[in-house]
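Chemist:
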Amino acid sequence: MKTTDRAFNSLDFERAVISPSSVFDSPSEIVASTKLSREQKIDLLQRWALDARALQRATDENMSGGESSALDEINAAMSELDPKGKAPDIFGKAASKL
209 MKTTDRAFNS
219 LDFERAVISP
229 SSVFDSPSEI
239 VASTKLSREQ
249 KIDLLQRWAL
259 DARALQRATD
269 ENMSGGESSA
279 LDEINAAMSE
289 LDPKGKAPDI
299 FGKAASKL
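Residue numbering for the sequence shown follows my numbering, beginning at 209 and increasing consecutively.
1. If you compare alpha carbons, which of Glu281, Ser287, Pro291 is closest to Asp233?
2. Tell me the residue span of the alpha helix (DSSP H) that contains Ser230.
3. If you reduce the DSSP assignment to three classes, tell me which class Leu244 lands in.
4. Indicate whether Ala278 and Leu252 have their beta-carbon atoms separated by less than 9 Å.
5. To the nearest angstrom, how far is it from the Cα of Ser227 to the Cα of Pro291?
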């Protein structure tokens with residue numbers, strides 16, 4: 209972990225919301241954190257998944273910088289936290305047009 213679990217604070221969480229990979233080395237470190245609630249862990253993993261999907265799209269269009277996608281590891285971590293897949297989707301929090 210880029211930030212030890214013991215030293216994790218609210219500023220680290222704010223940074224992680226913007227870019228989970230800037231605070232955590234892997235999705236499994238989010239799962240293992242004792243400083244985050246289950247809901248916070250799921251939120252961070254969903255945000256990381258959005259980044260990973262964007263990277264995958266860029267790779268598919270030959271526009272990536274050679275980074276590998278962590279999507280498989282993110283999905284495994286999400287399955288560990290939410291085995292039945294009942295956590296609300298991150299898009300459910302966004303405003304929608306009527």
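From the three backbone atoms N, C-alpha and C, an ideal C-beta is built for every residue, glycine too. Computed from a predicted structure; not experimentally measured.
Modeler: Reading it off the structure:
1. Glu281
2. 228–231
3. coil
4. no
5. 24 Å
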